[in-house]
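J.: I have a structure I would like to understand better, so I am pasting it below and will then ask my questions one at a time.
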Amino acid sequence: MDIKNEDRSGEIPVQGIPTAKSGVSGIVTTTKDQLFAMAQKSSLWPLSFGLACCGIEMISTYMAHHDFDRFGVVTWPSPRQSDVMIVAGTVVKKMAKPIRLLYEQMPGPKWVIAMGSCASVGGPYIRSYSVVMGVDQIIPVDIYVPGCPPRPEALMDGILKLQQKIVDDPKS
Ligand code: SF4
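This is the structure we're talking about:
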């Protein structure tokens, strides 16, 4: 490392977090919300459940080839410790109440990703008697991932957009 070019200004760059020089070497100032947002965005735990074909693409995203772990995303089998719900698949009317219940059991702050055209707007089942026309009819959605089905890369892009949203609009 070239010591001559080393930044000795006292500002520590923190990715995605607005910081300010304190004037004291090694000290950085930021807000509590921004600090928490940095931790939240880097350790998202999605509740693990899939509703239909999109669920297979979501499972593939967790596997070694795509490796969701490198974004700090670890699937979790309980709503009590999860902070993200990825709704992957067709939301039939019978599942509306259980999905709402699982969402309410998650502690805040929490976020929802609607994965695929079924979860976003009903998909190929538009005007079906048995399908909810988008999961945002029953719970608030933060990120929509288009496609039928979306590839794992599209879901990863959705996670990156959610991470940016968490930094831009922190909730604690
Ligand atoms: S969006 Fe397409 S792939 Fe995904 S659950 Fe609906 S029909 Fe299946």
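This note's numbering puts the first residue of the sequence shown at 59, with every later residue one more than the last. Glycine included, each C-beta is placed from N, C-alpha and C at the ideal position. Since we're looking at a predicted model, the values are computed, not measured.
1) Taking 9 angstroms as the threshold (beta carbon to beta carbon), is Gln139 in contact with chain C?
2) Quick one: give me the first and last residue of the alpha helix (DSSP H) that Ala97 is part of.
3) Do the CB positions of Asp91 and Lys219 come within less than 9 angstroms of each other?
4) Leaving out the 5 sequence neighbours to the left and right, which residues in its chain are closer than 6 angstroms to Cys112 when beta-carbon positions are compared?
5) Tell me the DSSP secondary structure of Ile202 in three-state form.
6) Whose CA, out of Pro165, Ser106, Lys168, Ile201, lies closest to the CA of Ser178?
7) Give the secondary structure of Thr119 by DSSP, where H, G and I count as helix, E and B as strand, and everything else as coil.
8) Compute the minimum distance between the beta carbon of Thr148 and the heavy atoms of the ligand SF4, and state whether it is under 8 angstroms.
9) Counting Cβ pairs, one atom from each stretch, are 3 or more of them under 8 angstroms apart for the region 175-195 and the region 115-131?
10) Rounding to the nearest angstrom, what Cα-Cα distance links Lys99 and Tyr187 in this structure?
11) Examine the ligand SF4 and report whether any of its heavy atoms sits within less than 8 angstroms of the Cβ of Ala95.
12) Going by beta carbon distance, what residues of the same chain come within less than 6 angstroms of Pro224, once the five residues before and after it are set aside?
13) Apart from the five residues on each side of it in sequence, which residues of its chain come closer than 6 angstroms, Cβ to Cβ, to Val142?
14) In the DSSP assignment, what residue or residues form a beta bridge with Pro137?
15) Within the same chain, show all residues whose beta-carbon is closer than 8 angstroms to that of Ser136, passing over the 5 residues directly before and after it, in chain order.
16) Can you have a look at Gly216 and say buried or exposed, based on whether 16 or more other CB atoms are within 10 angstroms of its CB?
17) What residue range is occupied by the uninterrupted beta strand (DSSP E) comprising Ala146?
18) Between Pro234 and the ligand SF4, is there a pair consisting of the residue's CB and a ligand heavy atom that are separated by less than 8 angstroms?
T.: Considering the structure as presented:
1) In the structure shown, chain C does not exist; there is a single protein chain.
2) 90-99
3) no
4) Ala146, Gly147, Met173, Gly174, Pro207.
5) For clarity, residue 202 is Tyr in the given sequence; the question names Ile instead. Strand, per DSSP.
6) Ile201
7) helix
8) yes
9) no
10) 38 angstroms
11) Outside the cutoff, so no.
12) Residue identity check: residue 224 is Ile in the sequence provided, not Pro. Counting only Cβ-Cβ distances below 6 angstroms, and skipping sequence neighbours, we find Ala95, Gln98, Lys99.
13) Hits under 6 angstroms: Leu102, Pro104, Trp169.
14) Partner(s): none; Pro137 has no beta bridge.
15) Leu105
16) Counting Cβ neighbours within 10 Å, Gly216 comes out buried, since at least 16 surround it.
17) 142-146
18) An answer regarding residue 234 cannot be provided, because it is not within the stretch 59 to 230 covered by the chain.
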